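Notes follow once the structure below has been shown.
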Amino acid sequence: MAMRAAARAALSANSQIGMGSGMKALYSTFSRFPFKLPESKIEKPPPADPSTNLFVSGLNKRTTSEGLHKEFAKFGEVVEAKVVTDRVSGFSKGFGFVKYATIEEATSGLKAMDGEFLEGWVIFVEYARPRSPLPPLNNAAPQRQW
DNA sequence: GGTGAGCGA
1 MAMRAAARAA LSANSQIGMG SGMKALYSTF SRFPFKLPES KIEKPPPADP
51 STNLFVSGLN KRTTSEGLHK EFAKFGEVVE AKVVTDRVSG FSKGFGFVKY
101 ATIEEATSGL KAMDGEFLEG WVIFVEYARP RSPLPPLNNA APQRQW
């Protein structure tokens, strides 16, 4: 075992003067290792503050604004219900918005419909984020709000 | 739409 002998010799030599500089560097390196533990929880805080406006996702592509309205009207006065559709294709994007008259109704509607089935799909209801201020009526140019 | 996470004119 020439290797082991050499290692012992090296260790012995080191023990005379403590850690070799190389060993010190290694120790330093590993003790300072940036442990990015997966405990860095991927926090996804409540998407938005409670409001009368709800964001509904997971919709069936065939679900329409009317269907949304009828379904959510069971839990309060729906002021507005809209399924977002692609401007050019006209097809549903699979999510929409429901606005209640009061926050209380919105909350009950959220809790009642979140995780429920609609047209065969499990839908998810959250409070909608405040929409980007829609410009008066001139150019509908794309705005990078986020 | 055969598209499947998302925040709308």
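Under the UniProt record's numbering, the final residue of the first sequence carries the number 146; numbering is consecutive throughout. Note that the Cβ used here is the ideal one computed from N, Cα and C, for glycine as well. The structure presented is a predicted model; accordingly, all values stated were derived computationally and were not measured.
Query: Just the Cα atoms here: how many angstroms apart are Gly58 and Ile123?; Result: 4 Å
Query: State the Cα-Cα distance for the pair Phe55 and Val88, rounded to the nearest angstrom.; Result: 22 Å
Query: Could you spell out the range, first to last residue, of the beta strand (DSSP E) harbouring Ser92?; Result: 92–100
Query: Which word fits Thr102, buried or exposed, when buried means at least 16 other C-beta atoms lie within 10 angstroms of its C-beta?; Result: exposed
Query: Identify whether Leu110 lies in helix, strand or coil by the three-state DSSP scheme.; Result: helix
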